[in-house]
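K.L.:
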Amino acid sequence: MSSESILFSEVAEHFEKLEKTQSRLEMIDILEELFNDTPPNSIDKLCYLLLGEIDADFKHIKLGLGEKLVQKGVAKAFSLSNEEVEKLFRETGDLGEAAEVASEKGSKGLKAFTKGERKGLSLKEVHSSFLKIANAEGSGSQDKKLNILAGLLSNSTNKGCRYITRIALSKLRLGVGDMTILDALAETYTGSKDNRPQIEHIYNISSDVGLVAKKVAEDGVSGLDDVGVEIGRPIRMMLAQRLKKLSEIKEKMGGDEFAAEEKYDGERMQIHKDGENVRVFSRRLEEITKQYPDVVEYIKDNVDIDEAIMEGEAVAVQDGELQSFQKLMRRKRKYDIEEFVDKIPVKLFLFDLLYVEGESYLKKSYPKRREKLEQIVDETDNLKFSRRIVTDNLDKIDEFFEESINRGNEGILAKSCDEDSVYRAGAREWLWIKWKKDYTSKLSDTLDLTVVGALAGKGRRSGTYGALLCAAYNHEKDVFETLCKVGTGFTDEDLELLPKKLEEFEIDHKPARVVSEIEPTQWFQPNLVVEVEGAELTKSPVHTAGLDRIEEDKGLAIRFPRYLNLREDKSPDESTTVSELMEMYENQEKI
Ligand code: ATP
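Mapping of the sequence shown onto my numbering: position 156 corresponds to residue 395, and the numbering continues sequentially without gaps.
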């Protein structure tokens, strides 16, 4: 491995292999080979590009290249007319492939543009050009972006053009996920995938796969010790397990006392305060500060210290009554935000504290975090701490649950008060347990599933979907295992919208990280998450979720699955996991 940057042509060869493989194990091997050929100082850039990005996901760096501009870039790079590129695009159906063909065809004209032979672009050059494209702003920026892109394409190999174009369009989609990269990093730099949990822990704290990759490539697992909590870098959020019977809380949680907090039906947010600079991140770690100027004000006015990272739930209110999540979502808009801030005011209920004045609070117990939170924040009418009781008495919890529901909430969250009740970034464990009012059917909760395929519709539905093939996420194996075909619950609007949303994720073979016995009409790279309800979980000879875990050759399936809505606030690896399904199945069997 040299310290020189790897050539992008070599990267592109590996991208092609990744795109073609139908096996996740092979995917890890390809990545390992690629990592071994990449000098550690470029590994961060490689990881971002593998995910089709330029930097950590939460930075949301936008290239600002529309389809038309990319098309122009291809034309310019290879001295073709826009019409010629348009035609290639129509013929191939993919601008990446069109660019590759244009590159093959246009080598004559190319010399006129570059005034020289094509030289091999390095990975670093490609990455830094994309950064320049992203940073070009203001007047003349479109031309600048166009020229940089054309320069990149004209200096690239034919295959390189395919991938540069797809990155430019934010449509790379190699099917590689963050966990796939973490596994490959563990294999390459620590010799075993068994070390992924250590790497994953730091990833959960930093949310930056490139940073983690670079540290582990340069200094092995010990390099990860340098990565801590930083303001402005969101922490992957701690999640709750679910239980059907309140009486089991004690057994699951251990310890004498625990807290029961109201479970608000709003939007979870992680708030980073750095002096007067307040930033708000969503559950998916997207920056949503602009949507919540009121929350920013509440924090600026009522938090007594300079640096803090807090979590809470913003809930829409009307005439003093808490409103539903759907109501709050009407605020999600690009324009007229101020108007909707007035129309849909929110209250913020703070429930956790992760960092204070240079000190991480992640390893402190929940009672300590809450105590400090209450010290640094002054409550107002709109800025509250989550309502809660601390007790060891289940009857009191039951009463509190009723009260919480009557106040318009979804249920309660029980939280461990033990010494070791730390904040477990990105984990869904028994330190937090949710209990919701809709836990009445045999299936104790709705499920958030990733769409991996579609089956064509018949009769009235012909031309749209008959059913969606949906999968749960197996976090340990980093694959998506099918759980059901959902064919009911769709409105006409859903049937119109879903194909538009899914179109861009379609691929012509089974994605490498999907485990399925069913062959749908269309396959999709795991991206879109939908919420599904059902009657119960049953054993299934055709679905692969939790295969062999309950009975040999059987997976789990949902009986009578019904589509509810999109969960665009969740990424595919935040779908319901196979371990959760196992828990739910066992709980269900006890009833
Ligand atoms: P759900 O769809 O049930 O909200 P989820 O998968 O989005 O589940 P979970 O971690 O399973 O998230 O459930 C906890 C969620 O409940 C948090 O993400 C948060 O949005 C919300 N919530 C509401 N009130 C609280 C609270 N007091 N403490 C923690 N989380 C709360």
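We put the CB at the ideal spot given by N, CA and C, even for glycine.
Select from 320, 299 and 442 the residue whose C-alpha is nearest the C-alpha of residue 307.
P.N.:
320
K.L.:
By Cβ distance, which residues of its chain are closer than 6 angstroms to residue 369, with the 5 residues on each side in sequence left out?
P.N.:
293
K.L.:
Ends of the alpha helix (DSSP H) at residue 761?
P.N.:
Segment 761-763 is the beta strand (DSSP E) holding residue 761; no alpha helix (DSSP H) there.
K.L.:
Does the region 422-430 come within contact of the region 257-274, defined as at least 3 CB pairs closer than 8 angstroms?
P.N.:
yes
K.L.:
For residue 802, verify whether its CB is less than 7 angstroms away from any heavy atom of ligand 1.
P.N.:
no
K.L.:
Counting only C-beta atoms, is residue 641 closer than 8 angstroms to chain E at any point?
P.N.:
Here there is only one protein chain, and chain E is not present.
K.L.:
Nearest by alpha-carbon distance to residue 542: which of 595, 723 and 791 is it?
P.N.:
Residue nearest to residue 542 within the set 595, 723 and 791 is 595 (criterion: CA-CA distance).
K.L.:
Roughly how many whole angstroms lie between the Cα atoms of residue 440 and residue 813?
P.N.:
As the crow flies, the alpha-carbon of residue 440 is around 16 angstroms from that of residue 813.
K.L.:
Taking only runs that begin and end inside the region 504-585, name each unbroken alpha helix (DSSP H) of 4 or more residues, in chain order.
P.N.:
532-541, 564-568 and 576-582
K.L.:
Might you give, ordered along the chain, the residues of its own chain that have their beta carbon closer than 7 angstroms to the beta carbon of residue 254, omitting 5 neighbours on each side?
P.N.:
Same-chain partners within the cutoff: 402 and 413.
K.L.:
Near residue 747, which residues of its chain fall below 8 angstroms by C-beta distance, leaving aside the five closest residues on each side in sequence?
P.N.:
762
K.L.:
In the DSSP assignment, what residue or residues form a beta bridge with residue 617?
P.N.:
Answer by DSSP bridge pairing: none, since residue 617 is not bridged.
K.L.:
At what residues does the beta strand (DSSP E) containing residue 622 begin and finish?
P.N.:
622-624
K.L.:
Give every residue of the same chain whose Cβ lies closer than 8 angstroms to the Cβ of residue 685, excluding the five residues on either side of it in the sequence, and list them in chain order.
P.N.:
677, 770, 771, 772 and 803
K.L.:
Quick one: Cα of residue 702 to Cα of residue 745, how far?
P.N.:
Cα to Cα, the separation comes out at about 16 angstroms.
K.L.:
Quick check: what's the CA-CA separation for residue 630 versus residue 498?
P.N.:
So the alpha carbons of these two residues sit roughly 6 angstroms apart.
K.L.:
Compute the distance between the beta-carbons of residue 505 and residue 567, then report whether it is under 8 angstroms.
P.N.:
yes
K.L.:
Do residue 587 and residue 534 have their C-beta atoms closer together than 8 angstroms?
P.N.:
yes
K.L.:
Below 8 angstroms CB to CB, which residues in the same chain sit around residue 666 once its five sequence neighbours on both sides are set aside?
P.N.:
443, 477 and 478, listed in sequence order.
K.L.:
Anyone know if the C-beta pair for residue 489 and residue 651 falls short of 8 angstroms?
P.N.:
no
K.L.:
Roughly how many angstroms separate the alpha carbons of residue 343 and residue 400, rounded to a whole number?
P.N.:
10 angstroms
K.L.:
Given a threshold of 16 other Cβ atoms within 10 Å of its Cβ, counted over all protein chains shown, does residue 326 qualify as buried or as exposed?
P.N.:
exposed
K.L.:
What residue range does the alpha helix (DSSP H) around residue 692 cover?
P.N.:
Not the alpha helix (DSSP H): residue 692 falls in the beta strand (DSSP E), residues 686-695.
K.L.:
Secondary structure at residue 766, three-state DSSP: helix, strand or coil?
P.N.:
Under the three-state reduction of DSSP, residue 766 is assigned to coil, being neither helix nor strand.
K.L.:
Between the Cα of residue 322 and the Cα atoms of 311, 451, 613 and 527, which residue gives the shortest distance?
P.N.:
311
K.L.:
Which residue from 435, 372 and 468 puts its Cα closest to that of residue 406?
P.N.:
372
K.L.:
Mind checking whether the beta-carbon of residue 590 lies closer than 7 angstroms to any heavy atom of ligand 1?
P.N.:
yes
K.L.:
Quick check on this structure: which residue in 781, 707, 819 and 750 has the alpha carbon closest to the alpha carbon of residue 256?
P.N.:
Among 781, 707, 819 and 750, the Cα nearest to that of residue 256 is on 750.
K.L.:
Excluding the 5 residues flanking residue 297 on each side, which residues of the same chain have their C-beta closer than 6 angstroms to its C-beta?
P.N.:
446, 473 and 524
K.L.:
Between which two residues does the beta strand (DSSP E) carrying residue 437 extend?
P.N.:
No beta strand (DSSP E) holds residue 437; the alpha helix (DSSP H) holding it covers 435-445.
K.L.:
For the candidate residues 671, 726 and 716, whose alpha-carbon lies nearest to that of residue 694?
P.N.:
The option with the nearest alpha carbon to residue 694 is 726.
K.L.:
Inspect the beta-carbon positions of residue 623 and residue 649 and report whether they are closer than 8 angstroms.
P.N.:
no
K.L.:
Taking just the CA atoms, how far does residue 819 sit from residue 334?
P.N.:
When rounded, the distance between both Cα atoms is 40 angstroms.
K.L.:
At 3 residues or longer, what runs of the beta strand (DSSP E) sit wholly inside the region 258-288?
P.N.:
none
K.L.:
Quick one: Cα of residue 391 to Cα of residue 246, how far?
P.N.:
13 angstroms
K.L.:
Can you say whether residue 736 is buried or exposed, counting buried as having 16 or more other CB atoms within 10 angstroms of its CB?
P.N.:
exposed
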